[in-house]
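Structure first, then comments.
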Amino acid sequence: MEQQILTLYDWVVKLSSSELIALIVVITLPLVFLIVYALVAILGELKISAFIQERLGPMRTGPWGIIQPVAEVVKLLQKEDITPDAANKPLFNMAPFLMFTAAYAGFAVIPFSSHFVPAGINLGLFYIFAMGSLAVIGLVMGGWASNNKYSLLGALRSVAQIISYEIPAAIVILSIVILASSMNLQVINANQGGWFWNWYVFGGPGTAWKIIIIPITFSMFLLYLIASLAETNRTPFDIPEGESELVAGYHTEYSGMKFAMFFFAEYANMFVVAALLSILFFGGWNSPFGDFMNGPIWGVFWFISKSFFFVFVQIWLRWTLPRLRVDQLMGVSWKVMTPIAFICFFAVGLWTMFN
Amino acid sequence: MSETKKVEFEYSQIDSERMRLNVGPQHPSTHGVLRLEVELDGEIVTEVVPHIGYLHRCFEKHAEKMTYPQVIPYIDRMDYISAMNNEWPYVMGIEKLMGIEVPEKVEYIRVIFAELNRIANHQIAIATFGLDAGAFTPFLYLFRDREFILTVFEKASGGRLLYNYYWVGGLAADVHKEFKEDVLSIVKQVRETNKEIADLLIYNKIFIERVANVGILPADVAINYGCSGPVVRGSGLPFDLRKDAPYSIYDRFDFDVVIGHGEVGTVGDCFDRNIVRFHEMEQSCRIIEQAIEQMPMDGDVREKLPKKIRPPKGEIYTKAENPKGELGFYIVSNGTDKPERIKSRGTSFVNLSVLPEISKGYLFADLIMILGSVDIVLGEVDR
Amino acid sequence: MQAQEIYEKLKAEFGDAIIEFNAEPFFDPFVRVTTDKLFDICLELRDTPEFDFDYLACLSGMDYKENLGVVYHLYSIKLKHSFVVKVTVSKENPVVPSVERIWRTADWHEREAYDMMGIQFEGHHNLIRILCPYDWEGFPLRKDYVQPDEYHGMKVPY
Amino acid sequence: MKKYINDIWLGIYTVLLGMKITIVHLFAKNVTVQYPNKHPLEKASGDKMPMNARNRIFVDMELCNGCNGCARACPVNCITVETLKVVPGDAPPLKNGERRGLWVPVYTLDFAKCCFCGLCIDPCPTEAIKMTTEFEYSAYDRKDLFYKFSTMTDEEIKQKKELLANFQAEKAKKEAEAKKAADAAKAAAEPPKSESGELKIDNG
Amino acid sequence: MGLLNKLDDPYYGGGIILGKVEDILNWGRSKSDWYLQFGLACCAIEFMAMNASHFDFMRFGCIPRTSPRQADFIIISGTVTFKMAERIKTLYEQMAEPKYVISMGSCANSGGPYWEHGYHVLKGVDRIIPVDVYVPGCPPRPEALEEGMIRLQEKINKQAIFNKRKRLAEEEQKELIISN
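As they're listed, the protein sequences go chains A, B, C, D and E. Position 47, counted from 1, in the first sequence is what this note's numbering calls 47; the numbers after and before it change by one each time, with no gaps. Every position in the second sequence, counted from 1, becomes a number in this note's numbering once 355 is added. Every position in the third sequence, counted from 1, becomes a number in this note's numbering once 738 is added. Every position in the fourth sequence, counted from 1, becomes a number in this note's numbering once 896 is added. Every position in the fifth sequence, counted from 1, becomes a number in this note's numbering once 1100 is added.
Shown next, in the form of structure tokens:
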């Protein structure tokens, strides 16, 4: 199936007749996208939070403050880079880069459109999930190396949190893999082509009998949404950096560009999970209306707008909900989400067996 | 000198299994400059030692150097969130010593402003309590409403936060013409927002999980620790000076004393202390509505202002129901125009002293919530 | 219960320990007691059902120029009556028995009185400074207190 | 089990309820007043800064008669007033027509100390000191917050001092002269007086 | 040689290119100021009110940070006591350069109402850390603090980055203020 599609990589190879250039283009494109996206997302976070709270948000940097994130980057570049004396310097300096790398590595398999995926590997879903878990190492490194009790507490909490939320998330993803019978994200996307009722949140393509499976897939979507919030440390699961308890959590001691790395990594992670949500449940780059506005270029539009919607949902939730306590957080994961995820898993298995 | 050594000695006794965490004085949720020395076993709090005095501004020393009217601005700065309520017991005490009867209109305005300030204080209390739990948006909704109340205060007194408005024998200035309409519109707005806050914050499942069954304070312990206000009422004891020892004209109004019932958990937990404040705002609205209805608009608020304030030799302990609890002033007069001594019984000072008792054995995150539910103002703790 | 009755009952029980009873119009009615019986009197006031002073509203350290004193404002939540107990001690040996074990709220109040006035509370479990820093010198609320010139290298006067 | 399901239901329901409220606010009108673009005095009538707001103090030196009442009422002691007596006939009357009794060569107010309580406004007999709505006067240097209200120049002060000194000298001289004259008169009148006294005694 | 000489020349504005770069850097610092979420006393309540919807401090690009490492400026909002003074100094030292200080209200400016008898009050925060802008008021209106913020932004915009001598002179002046 993949062979029939002329990917962006092939296109650039054809155009420049050099595989190296094509490789560089394909590698840097997500980075460019990531930087632009991060600026937009930071502005979006500021503005959406402001509008929810009946404020205006940044107003005095450009018209309606739209270049506020640029100012922030310019400022962060100038900030003094502090490494505390008591910190473990190699780990302290490495942690933000590791974190950012892990977040950026996830972009390698994200299919932006049917014709463009940086690396169309067959185990895409597995890879993206593994990369998502890698972030926790950077987090612990940062927290431990800072030699600050708040950082350490934040890091330890986040390890516990991310590891326990990976289980329901993994089971949900497994169920999707059963439904799609592939781990390749492009295949999963392609499976959901056609109208929006073919999306996996509505049971995937199938006959009218799939109405039985819709509640199951919908609750799978909810489970993954919640688990993804926990994995990106967003409210109501922002315990590792819970301001009211742990000052700034694992990045308390970071300043300047290193802090900006953490900041970028958080937003990059947000996009990765939002992208996964849209790929797994909402058809990825597929148009919701059959052939209407469908195609490789429109695919980019659909994919990004779907992902941005979930980024928006994350922001929206953040400014609505209070924060859970650390033990309740574990309780939600182990007592509520994991059993339900297992039920869904079995149901999906049975459904696939009898279908 | 001996004290320093003692403290150092305590530090040397740290159990190596446990972690000593220093919370504050600069910490986002210590509500000011409180410092808590917390001993943690894992994440479980085994000991809390509050260190206060980071805002000790020598109020009692100043009071001895000032004439009676000059003390009022300093009293404002004690509990700066509810300055109107603060001035009241002090002014009332001197009026009692001097035998001044204040006009009817003054009493009504005092009641209305005190209740408005109670609403403003509870708004801050609930807002910061929500902020401790990580809910930022309700904080801003409540602050938006508080701004309307401050506008009315500013129209009357000229100050936004610190008013110097209650003077001995009267008020600093008369209220403006549209006072009644302004206040009634505020009451309406407060009720509307409270509905939203109930849905958005107070009855949110996550929030309930955070505050129910946390920091349980039994009523007898609360009394022994001298707690008052919403802290003791949250434990189910209807102790309210407005009903128990009615001062001013509070006996004319029909309102209920709100107590905690253990709605979602145990009686006396953080949720109860918070819900008492929440429902007290409604009761304050009721008092304001009644007072607005009965209040005479004509009359001078400054006619009884004495030219020279020189109370006779004597002493008095005056108290009033502050939003945070019983605020008392022990005023000793020596017959001159300067007080001999003013001792203030800071409400938050007493309420805070119960914190080590009720926070042991909970998680560190709960300690923050318990501190938030006690609702302290450091200006009053340290004076 | 009226202050007069409380006084009479206390007088009947403790006799000489009650030095003075004052019910002048410009004062809240108070009794002045000796320091050695203070703890027993306070315990009596709290535990006797007809007194039932379960609520220590305020505890103030006082400086009466030639000697120091402590004033206890008591209130009963159930019976809604109040009473004042005073003790006076000399400036040379300001020792007052602690009532911390009777009303736990006295803990911080007594520390404050010690901090501000230098009154020693006998039997207090942790009598250290509370408002001022631990290495502060002098007792600020005494009438003869003079501001220090410097604290940790910072100038104190304006 | 019932509680378990109920808890999950409540969790989802209250979260959705909260999300509904915030999304409604997302599209509601915001209440922010953009300060530098819109001065609080120009706001819509609802939450405009009232005219009796207590901000920077203004002292009208053409009305101040130097009574020192404001300085005495100030709890903070941030007002310093020094006065000079007026030579009769030298000073124009105050703005409100009253007779000026004192020159005020020094009237300073330290806004770095002032607590804006408004106690200084009340005792002023001529309403010279008042609180304005002006609040935009932050400074890069603390000394800039030390305001000197007196309009008298150094020369004027010197002149007035001289005048006063002259006047006092003159007065002293006059007094001395008068005394002298009186003494002289006394001296002139004394002998007969004493005589008369003696006479009186004699008479007595 | 020439470029370096020009850099050190106090009368030379840093050239067109450097001047532009300087402008952009200054613009970044003035428009994106993160403040330390830190309150001391009464002024902190007005400070909170300023963060709220009516005044909205975020319009100026000011975002609260709870950790001093990430903050660009600190607002000393309230009375500084001796017990607290050492902590404030530590906080200031923990902040990353470039950092700024706004002294809000009379108490922070000069001890305010407590300057005369306050035995435990530091008479002005500029005795321990250098202050950039003094905002008078007790407490200042939120608008007054916003005006102070605009003043601070103006000051940042005028700052010299490449002009070393000018910067050194400024630092000297700051130290002079501290020692005074």
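From the three backbone atoms N, C-alpha and C, an ideal C-beta is built for every residue, glycine too. Quantities reported herein were computed from a predicted structural model and do not represent experimental measurements.
Rounded distance between the beta-carbons of residue j and residue i, thought under 8 Å
i	j	result
V26 (chain A)	L8 (chain A)	7 Å
S151 (chain A)	E253 (chain A)	6 Å
A1008 (chain D)	Y1219 (chain E)	Between Y1219 (chain E) and A1008 (chain D) the Cβ distance is about 19 Å, and since that is not below 8 Å, they are no contact.
P493 (chain B)	L556 (chain B)	4 Å
A38 (chain A)	F264 (chain A)	5 Å
F221 (chain A)	L229 (chain A)	13 Å between Cβ atoms; not a contact.
Interface flag, residue i vs chain D, CB-CB below 8 Å
i	result
K741 (chain B)	This structure leaves residue 741 (chain B) out entirely; chain B is present only between 356 and 738.
T492 (chain B)	yes
L722 (chain B)	no
I52 (chain A)	yes
H1220 (chain E)	no
K336 (chain A)	Sequence check: residue 336 (chain A) is Val here, not Lys. Chain D, which has a Cβ nearer than 8 Å to the Cβ of V336 (chain A), makes this yes.
is_contact[residue i, chain C] using C-beta, thresh 8 Å
i	result
E1275 (chain E)	no
CB contact check: residue i to chain B, cutoff 8 Å
i	result
R1241 (chain E)	yes
T1102 (chain D)	Because chain D in this structure spans residues 897 to 1100, residue 1102 (chain D) falls outside the shown range and cannot be described.
P322 (chain A)	yes
R325 (chain A)	yes
Q1170 (chain E)	no
P832 (chain C)	no
C1016 (chain D)	no
Counted within 10 angstroms of its Cβ, other Cβ atoms place residue i as buried (16 or more) or exposed
i	result
Y931 (chain D)	buried
P878 (chain C)	buried
Q186 (chain A)	buried
S181 (chain A)	exposed
E1091 (chain D)	Confidence at E1091 (chain D) is low in this model, with a pLDDT of 45, below 50, so the placement of that residue is unreliable and no value is reported for it.
L526 (chain B)	buried
I343 (chain A)	exposed
E45 (chain A)	buried
K1082 (chain D)	exposed
V290 (chain A)	With the sequence shown as reference, residue 290 (chain A) is identified as Gly, and Val is not the correct amino acid for it. The residue is exposed, with fewer than 16 neighbouring Cβ atoms inside 10 Å.
F719 (chain B)	buried
G283 (chain A)	buried
P90 (chain A)	exposed
E450 (chain B)	buried
T1049 (chain D)	exposed
P787 (chain C)	exposed
N629 (chain B)	buried
Residue i at chain E interface by Cβ criterion, 8 Å
i	result
L495 (chain B)	yes
K893 (chain C)	yes
Residue i CB to nearest heavy atom of the ligand COA below 7 Å
i	result
F346 (chain A)	Summarising the ligand content, the structure contains no ligands, and the ligand COA is consequently not present.
Chain A contact for residue i (CB, 8 Å cutoff)
i	result
L922 (chain D)	yes
R499 (chain B)	yes
**Q.** Minimum length 4: unbroken alpha helix (DSSP H) runs contained in the region 961-1039 of chain D
**A.** With a minimum length of 4 residues, the continuous alpha helix (DSSP H) runs that stay inside the region 961-1039 of chain D are 965-969.
Q | 4 or more residues per run - each alpha helix (DSSP H) lying fully within the region 474-527 of chain B | A | DSSP runs (the alpha helix (DSSP H)) wholly in the region 474-527 of chain B: 492-512.
Q: Jot down the residue ranges of each uninterrupted beta strand (DSSP E) in the region 1194-1280 of chain E, minimum 3 residues, whole runs only, in chain order.
A: Runs found: 1200-1204 and 1233-1235.
Q | Uninterrupted alpha helix (DSSP H) stretches inside the region 755-841 of chain C (no shorter than 4 residues) | A | Listed in chain order, they are 773-785.
Q: Examine the Cβ distances between the region 1017-1034 of chain D and the region 1062-1074 of chain D and report whether three or more of them are shorter than 8 Å.
A: With the rule of 3 Cβ pairs closer than 8 Å, the region 1017-1034 of chain D does not count as touching the region 1062-1074 of chain D.
Q: Please confirm if the region 531-549 of chain B is in contact with the region 874-889 of chain C, defined as three or more CB-CB distances below 8 Å between the two stretches.
A: No, they do not touch.
Q: Determine, using beta-carbon pairs with one atom in the region 491-506 of chain B and one in the region 1139-1159 of chain E, whether at least three such pairs fall under 8 Å.
A: Counting Cβ pairs under 8 Å, three or more are found: they touch.
Q: May I ask you to verify whether the region 344-355 of chain A touches the region 205-220 of chain A, counting CB pairs closer than 8 Å and requiring at least 3?
A: Look at the beta carbons and you see the region 344-355 of chain A touching the region 205-220 of chain A: at least three pairs across the two are nearer than 8 Å.
Q.
For a minimum of 4 consecutive residues, which ranges assigned as the alpha helix (DSSP H) are wholly contained in the region 273-323 of chain A?
A. If we require 4 residues or more, the alpha helix (DSSP H) runs fully inside the region 273-323 of chain A come out as 296-318.
Q.
With three or more C-beta pairs closer than 8 Å as the rule, is the region 427-440 of chain B touching the region 471-479 of chain B?
A. Result yes; three or more Cβ-Cβ pairs closer than 8 Å.
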